[in-house]
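Below is one structure, written out as structure tokens, with a few remarks after it.
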Amino acid sequence: MKLSEIIKQFHCHVYTPELAIDKEINYAFCADLMSDALMVLNSVKDDRILKESILITGLTTNQSIRTAEMLDMEVVLLVRGKIPSLKVVELAKELKIILLATDYTMFNTSGLMYKDGIKGIIYNQQW
160 MKLSEIIKQF HCHVYTPELA IDKEINYAFC ADLMSDALMV LNSVKDDRIL KESILITGLT
220 TNQSIRTAEM LDMEVVLLVR GKIPSLKVVE LAKELKIILL ATDYTMFNTS GLMYKDGIKG
280 IIYNQQW
């Protein structure tokens, strides 16, 4: 699924429009605990999968951006109408991480993406 389709379908606010390239998103992972994200996503040995992934979270602190940076993920989607601080937006821009936000819940976002063919990332799954 193209990032532009995700932005349109979920009525996303794009906090980093200068970075919002129309890349392909084939995988997703969602968590509010970034320690969970690090544990599961560090088990992925294929860098291509992380490059084609979106991190879905309700965490609006710099931790979500730093986690994406550590994992070489390029897109973070904030859910539940959360609004990041200006410092978080600036950090995303500095690290070239596309930062989006939607009013959809994490459950609905994940379910609709799965229905549209985006695969979930499973801990220690061999790709």
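Using the numbering used here, you'd call the opening residue of the sequence shown number 160 and step up by one each time.
Ideal Cβ positions, reconstructed from N, Cα and C, are used throughout, including at glycine.
Rounded separation between His170 and Gly276 - CA only: The straight-line gap from Cα to Cα measures roughly 19 Å.
Cβ separation of Leu254 and Glu228, assumed to be a contact under 8 Å, to the nearest whole Å: Correct: roughly 5 Å between the Cβ atoms.
Give the secondary structure of Gly270 by DSSP, where H, G and I count as helix, E and B as strand, and everything else as coil. Here Gly270 sits in helix by DSSP.
According to DSSP, is Thr226 part of a helix, a strand, or is it coil? Residue state for Thr226 is assigned as helix, using DSSP reduced to three classes.
Ignore the nearest five residues each way along the sequence and tell me which others in Ile213's own chain have a CB closer than 6 Å to its CB. For Ile213, where only same-chain residues beyond five positions count, the Cβ hits under 6 Å are Ile184, Ala187, Val234, Leu236.
Under 9 Å, do Val287 and Thr264 count as touching if we go by C-beta distance? As shown, the chain starts at 160 and ends at 286. That puts residue 287 outside it, with no answer to give.
Assuming Thr268 and Ile215 are in contact, meaning their beta carbons sit under 8 Å apart, how far apart are those beta carbons, in whole angstroms? Sure, about 6 Å apart at Cβ, within 8 Å.
For the beta strand (DSSP E) containing Ile257, name the first residue and the last one. Start and end: 257-260.
Using 10 angstroms around the beta-carbon of Glu211, count the other beta-carbons present and answer buried if the total reaches 16, otherwise exposed. It is buried - the Cβ of Glu211 has at least 16 other Cβ atoms within 10 Å.
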